[in-house]
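Working notes, beginning with the structure itself.
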Amino acid sequence: MWFSGWWAEWRRASHRRRVHVYTRYSLYFIGLMELLTVGAALANDRADSAWRALVVVGVLTGGHTVLMLLTLRDALTHYLGTGPEPRRLLVGGVALTCAISLSVAAGMALDLLAPSTMPVAVFVTAYLAVPLSLLRPRRAAVLVAAPVGCSLVAQASYQLSATSVMIQLSVLVAMVVFLAGTTRATGWTLRVLDRVDAAREVEARLAVAEERLRFGRDLHDVLGRNLSVIALKSELAAQLVRRGSTEAIGQLAEVQDIARQSQREIREVVRGYREADLRAEVAGARGVLEAADIRCSVTGVTALEGALPPRVAATLGWVVREGATNVLRHASASRCEIWLTRSDDRRLAELTLENDGVPAGGSRAGGAGAGLVGLRERLAALDGSLTTQLTPDGIFRLTARVPLRTPAAGRAADVAGGAGGASGVGSGDDADGVGGGAVAGGVAAGEARPGARGPEPENGPGAARRPGSEAREARH
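Going by the UniProt record's numbering, the first residue of the sequence shown is number 1, and it counts up by one from there.
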């Protein structure tokens, strides 16, 4: 029961979290190797040493191992920039290392420990370098100097030969370099991983900001000139009205034409901003998922995408975008499959996204998330449907079905771009009528309005533009 819960939590963890846990426990295992190596050295000397002295050294070494693991944990947290420096643990580790080395020296001087116990002082000093390697090099060198000195004192106290001292010192240096280098490189790898993850978040925010700037730039390009012309022509018309000139009617008609042209251009910008291209969305989803280490396979999109009506393809593009977003946000998936098919009677297009790694209770079939609600509304405008399914083994399946030919296609003014009335931009494409945005404001398309200029003959005042009107418009 405990293992199943731990395994479920492990599967829900992000890839970054998994790497952190795996790396941390790998370093902890290196720390535990101290207990094994020292225990083996003490067990080898049990026949030639007093058992009480061996017990004392063993207990001190066990405490040293535990202290080193705690120091390593906090030192790694400090190295990654998420915690303070464990100064007390470091000082305690240095003091305990010196105590063990001096205890070994005293035991050998009193003939309580065999000379072959000397490697214990070397091992505890070498394993002290594991947490010290995560500090700044100068501070680490200062802290490791005292234990190394105590180890040399222990060797000198027994009057070992110069060759034995050189061998012991060489082993000590080799172990310190290996353990310190491995630990430092591992900590550096985790820090780079954290920075890459943070850079991805910044990149996503910059992409959103860039898209907002692009949209604002497009609106400025569309409205900037037209609004300036409208302001100038309105001012000119006002002056002509004060003078009683009939040319004011022509200027106002041109203002009306420019306003309608601006409405059409804004509608095109909004449509281009909101519409989704199926092939581009599939390629983008595949790239994002694979960048997150999720295997993504696509079937049928290339073969069938060209046979879909534009509105159907755009709506299915939104399904792909929302489905890929849900995989990244709400699951710890290792694979995602996307396939596009047609029904046997060739009347329906069916797009399915399937992924694993969904935690139990994390997603429910028929869930009412904001993204899925929006997709259902888009599909309903085309007489389509959206279904979700969660299997007991954590497989989530999102399926969208859309008729290839449906009467709703004629009624839907803008499926991918959304209703224009909400933004005050009509969804109609005619040049003379006012779109859905005007209907929302209480003015129907083509409906007579107080003060509105009705249809006029070709030679009426509305068409009485002077030969130089186009030149004046360009000048203004």
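Idealized CB from N, CA, C, for every residue including glycine.
**Request:** Grab me the residues of Val320's own chain with a C-beta within less than 6 Å of its C-beta, minus the 5 sequence neighbours each way, in chain order.
**Result:** Glu281, Val282, Ala285
**Request:** To the nearest angstrom, report how far apart Arg260 and Val241 are at their CA atoms.
**Result:** 23 Å
**Proximity below 8 Å, CB of Thr183 to CB of Leu219** = no
**Message:** I need the DSSP call for Val186, collapsed to helix, strand or coil.
**Reply:** First, the amino acid is wrong: residue 186 is Thr here, not Val. The answer is helix: DSSP assigns Thr186 an H, G or I state.
**Request:** Determine the burial state of Arg217: buried for a count of at least 16 other Cβ atoms within 10 Å of its Cβ, exposed for fewer.
**Result:** exposed
**Request:** Could you tell me if Ala141 is buried or exposed, where buried requires 16 or more neighbouring beta carbons within 10 angstroms of its beta carbon?
**Result:** exposed
**Proximity winner among Leu386, Leu96, Gln256, relative to Leu227 (alpha-carbon distances)** = Gln256
**Message:** For a test of the three-state rule: what should DSSP assign to Thr246, helix, strand or coil?
**Reply:** coil
**Prompt:** Would Ala126 pass as a contact of Leu172 if the rule is Cβ separation under 8 Å?
**Reply:** yes
**Asked** For Trp339, which residues of its own chain have a beta-carbon under 6 Å away from its beta-carbon, when the five flanking residues on both sides are left out?
**Response** Thr299, Gly300, Thr352
**Request:** Ignore the nearest five residues each way along the sequence and tell me which others in Pro147's own chain have a CB closer than 7 Å to its CB.
**Result:** Val94, Thr97, Cys98, Ser101, Thr125, Leu128
**Message:** Just to confirm the assignment: which complete beta strand (DSSP E) runs, minimum length 3, are found wholly within the region 282 to 354?
**Reply:** 295 to 299, 335 to 342
**Prompt:** What is the rounded straight-line gap between the Cα of Val66 and the Cα of Ala333?
**Reply:** 36 Å
**Request:** With DSSP collapsed to three states, give me the class of Pro86.
**Result:** coil
**Asked** Excluding five sequence neighbours on each side, which residues of the same chain lie with their C-beta closer than 8 Å to the C-beta of Arg346?
**Response** Leu404
**Prompt:** My guess is that Leu179 and Val130 are in contact by the Cβ rule of under 8 Å, so how many angstroms apart are they, rounded?
**Reply:** 5 Å
**Message:** If I follow the unbroken alpha helix (DSSP H) through residue 477, where does it start and stop?
**Reply:** Residue 477 falls outside the range modelled here, since the chain spans only 1 to 476, and no answer is possible.
**Request:** Count the CB pairs spanning the region 201 to 215 and the region 28 to 47 that are closer than 8 Å, and state whether there are at least three.
**Result:** no
**Asked** Using the beta-carbon count (16 or more within 10 Å), is Leu36 buried or exposed?
**Response** exposed
**Residue range of the alpha helix (DSSP H) that includes Arg73** = 51 to 79
**Asked** Does the separation of the CB atoms of Val269 and Val222 fall below 8 Å?
**Response** yes
**Request:** Taking only the alpha-carbon atoms, compute the straight-line gap between Arg329 and Tyr28 and give it to the nearest angstrom.
**Result:** 31 Å
**Prompt:** Among Gly394, Glu350, Thr388, Leu379, which one has its Cα closest to the Cα of Asp356?
**Reply:** Gly394
**Message:** Helix, strand or coil, according to DSSP, for Pro137 in the structure here?
**Reply:** helix
**Asked** From the DSSP output, which residues share a beta bridge with Phe396?
**Response** Asn355, Leu390
**Prompt:** Residues bridged to Val165 by DSSP?
**Reply:** Note: Val165 sits in no beta bridge, so no partner.
**Request:** Within the same chain, show all residues whose beta-carbon is closer than 8 Å to that of Glu290, passing over the 5 residues directly before and after it, in chain order.
**Result:** Cys296
**Message:** Looking at Val402: is its Cβ nearer than 8 Å to the Cβ of Ala349?
**Reply:** yes
**Request:** Assign Arg401 to one of three DSSP states: helix, strand, or coil.
**Result:** strand
**Asked** Hey, would you say Glu322 sits closer than 8 Å to Gly371, going by beta carbons?
**Response** yes
**Request:** Within the same chain, show all residues whose beta-carbon is closer than 8 Å to that of residue 507, passing over the 5 residues directly before and after it, in chain order.
**Result:** It is not possible to answer for residue 507, since the shown part of the chain is limited to 1 through 476.
**Prompt:** According to DSSP, what are the bridge partners of Ser262?
**Reply:** Ser262 is not bridged to any residue.
**Prompt:** Ala385 bridges to which residues according to DSSP?
**Reply:** One point to set straight first is that residue 385 is Ser, not Ala, in the sequence displayed. Beta-bridge pairing links Ser385 to Arg401.
**Prompt:** By how many angstroms is the C-alpha of Leu60 removed from the C-alpha of Pro119?
**Reply:** 15 Å
**Request:** Starting from the Cα of Asp277, find the closest Cα among Leu316, Val144, Ile230 and give me that residue.
**Result:** Leu316
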